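Enquirer:
2 protein chains.
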Amino acid sequence: MTFRISDDLEQLETFFPYQLAVAAERFSRDLMEVYNKTYGLTREEWRLLFLLSREGQIASNELAQRTTLDKVQLSRASQRLADKGLITRNVSPKDRRLKLYQSTEKGRALFAEIKPQVDARASDIVSSMSKEQKAALQMGLNGLLEALGAPEQMFGD
Amino acid sequence: MTFRISDDLEQLETFFPYQLAVAAERFSRDLMEVYNKTYGLTREEWRLLFLLSREGQIASNELAQRTTLDKVQLSRASQRLADKGLITRNVSPKDRRLKLYQSTEKGRALFAEIKPQVDARASDIVSSMSKEQKAALQMGLNGLLEALGAPEQMFGD
DNA sequence: GGCAAATTGTTTCAGATGAAACGAAATCAT
DNA sequence: ATGATTTCGTTTCATCTGAAACAATTTGCC
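Protein chains in written order, with the numbering used here: chain A, 40 to 196; chain B, 40 to 196.
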């Protein structure tokens, strides 16, 4: 298989965004098989649960920065998670417009159950890539995120 | 900025799919500013118009293979494009279940108008990446697409 | 202090989306 | 040939989604 890196810029610019979208969508769909089909969580719910499971208590304004969720998505996802008893939402005493989100024990337990399965699925996909390809993807993706002006270190480190 | 390539596999599996999704979504959104906000085309409509603008007449079954559109998306997108007079849809004489899609003059003209703007926007983003990053991204993405079992060479070459 | 402006979470409403049902046409088996 | 099965494109229905409107709260300004 041959790759025309950038000798034809026109091709790179038009074809590449499509490749990126296709790859991301397929990957996302594969992972959704786990947390959605099996556990009925939407992508937003899963991301939120993910974040809350490692952090303690997070305010909504801080959450918006660290996720790609806007306030509407956050409101809806958190509402559903709260209905399922996976997280709690409390009005912040400091600023009563804000809400403080926190994972419940049930939420953390569910996360601990799902997480390894999602990891395994992702690992299945990535494992067939060569070490060089993985490294290249990681480097290229970081460069792209930077170019896109994405906030770095979303999940802390 | 530092990149932890893959010394922590756990990180690679969980963090990376998220990065991929974020990058693809942001990129897609940036490009949509052009063909959606300005010209009112959905992503599916744009993809279909893109494909039809360089090919002559394409049957629906062939289209499904070369795009990620399923039959429902194709049906809806083509219907809207036909309503706008950008493409034509004719029942195939060979197999009256199939439909033959073709871009109209108006469709090609609109594509010719939008395309450079989309390219320019994509170029804006990618241009701030180093040559190495671009090459790495292209290589990594191809590897990932292969790992995902994606059909290669979607737009011919 | 008090009122305009800004911020935040939620709701509303129209349009988009996915899964399943459906009807038409072709293919297959006998 | 004929009936069953398969393969299409479309429609339906329920849900999701995004943009704008909204109410509650805080901030800024005087």
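All C-beta atoms, glycine included, are put in the ideal place defined by N, C-alpha and C. It should be emphasised that the depicted structure is a prediction, and the values quoted were computed from it without experimental measurement.
Along the chain, where does the alpha helix (DSSP H) containing K170 of chain A start, and where does it finish?
Expert: Segment K170 to A186, the alpha helix (DSSP H) holding K170 of chain A.
Enquirer: Is it buried or exposed for V111 of chain B, if we count other Cβ within 10 angstroms and need 16 for buried?
Expert: When all chains shown are included, V111 of chain B counts as exposed.
Enquirer: Which of the residues in the stretch 60-89 of chain A, read from start to end, lie with their CB under 9 Å from any CB of chain B?
Expert: Residues passing the 9 Å Cβ filter: A60, V61, A62, A63, E64, R65, F66, S67, D69, L70, R82, R86 and F89.
Enquirer: With H, G and I counted as helix, E and B as strand and the rest as coil, what does DSSP make of K133 of chain A?
Expert: The answer is coil: DSSP assigns K133 of chain A none of H, G, I, E or B.
Enquirer: Going by DSSP, which residues form a beta bridge with Y140 of chain A?
Expert: In DSSP, Y140 of chain A forms a bridge with A:I97 and A:R128.
Enquirer: In whole angstroms, what is the alpha-carbon distance linking Q96 of chain A and R82 of chain B?
Expert: Roughly 38 Å separates the two Cα atoms.
Enquirer: Mind checking if I164 of chain A is an interface residue toward chain B, Cβ cutoff 9 Å exclusive?
Expert: So yes, I164 of chain A belongs to the interface.
Enquirer: I think T107 of chain A touches L90 of chain A, with their Cβ atoms under 8 Å apart; what is that distance to the nearest whole Å?
Expert: Rounded, the Cβ-Cβ distance is 11 Å, inconsistent with contact.
Enquirer: Using a cut-off of 7 Å between C-beta atoms, extract the partners of T127 of chain B located in chain A.
Expert: Residues of chain A passing the Cβ test: none, with the nearest at roughly 24 Å.
Enquirer: Tell me, please, whether the CB atom of G179 of chain B is closer than 9 Å to any CB atom in chain A?
Expert: With 9 Å as the cut-off, G179 of chain B counts as an interface residue toward chain A.
Enquirer: Which class does D163 of chain B belong to by DSSP, given the choice of helix, strand or coil?
Expert: Here D163 of chain B sits in helix by DSSP.
Enquirer: Of all Cβ atoms in chain B, is any one closer than 9 Å to the Cβ of L187 of chain A?
Expert: Taking Cβ atoms only, chain B reaches closer than 9 Å to L187 of chain A, which makes this a yes.
Enquirer: Using a Cβ cut-off of 8 Å, pull out every chain B residue sitting near T143 of chain A, in sequence order please.
Expert: Within chain B, no residue comes near T143 of chain A; the closest Cβ sits about 21 Å away, beyond 8 Å.
Enquirer: State the DSSP-derived secondary structure class of G146 of chain A, mapped to helix, strand or coil.
Expert: G146 of chain A: helix per DSSP, three-state reduction.
Enquirer: In the structure shown, what three-state DSSP assignment does D109 of chain A receive?
Expert: D109 of chain A falls in the coil class under three-state DSSP.
Enquirer: Closer than 7 Å by beta-carbon distance: list the chain A residues that pair up with S117 of chain B, in chain order.
Expert: Going along chain A, no residue has its Cβ under 7 Å from S117 of chain B, so there is no contact; the nearest lies around 18 Å.
Enquirer: Determine, using beta carbons only, whether A174 of chain A comes closer than 9 Å to chain B.
Expert: Answer yes: the Cβ-Cβ gap between A174 of chain A and chain B drops below 9 Å somewhere.
Enquirer: For L183 of chain B, go through chain A and note every residue whose CB falls closer than 7 Å to its CB, in chain order.
Expert: The contacting residues are A62, M168 and L176.
Enquirer: CA-CA distance, R147 of chain A and Q118 of chain A?
Expert: The alpha-carbon atoms of R147 of chain A and Q118 of chain A are separated by roughly 17 Å.
Enquirer: Mapping DSSP to helix, strand and coil, what is P56 of chain B?
Expert: Of the three classes helix, strand and coil, the one that applies to P56 of chain B here is helix, per DSSP.
Enquirer: How is F123 of chain B classed by DSSP in three states: helix, strand or coil?
Expert: Residue 123 of chain B is actually Lys in this sequence, not Phe. If DSSP states are grouped into helix, strand and coil, K123 of chain B belongs with coil.
Enquirer: Straight-line CA distance for F55 of chain B to M178 of chain A?
Expert: Answer to the nearest angstrom: the Cα atoms are 11 Å apart.
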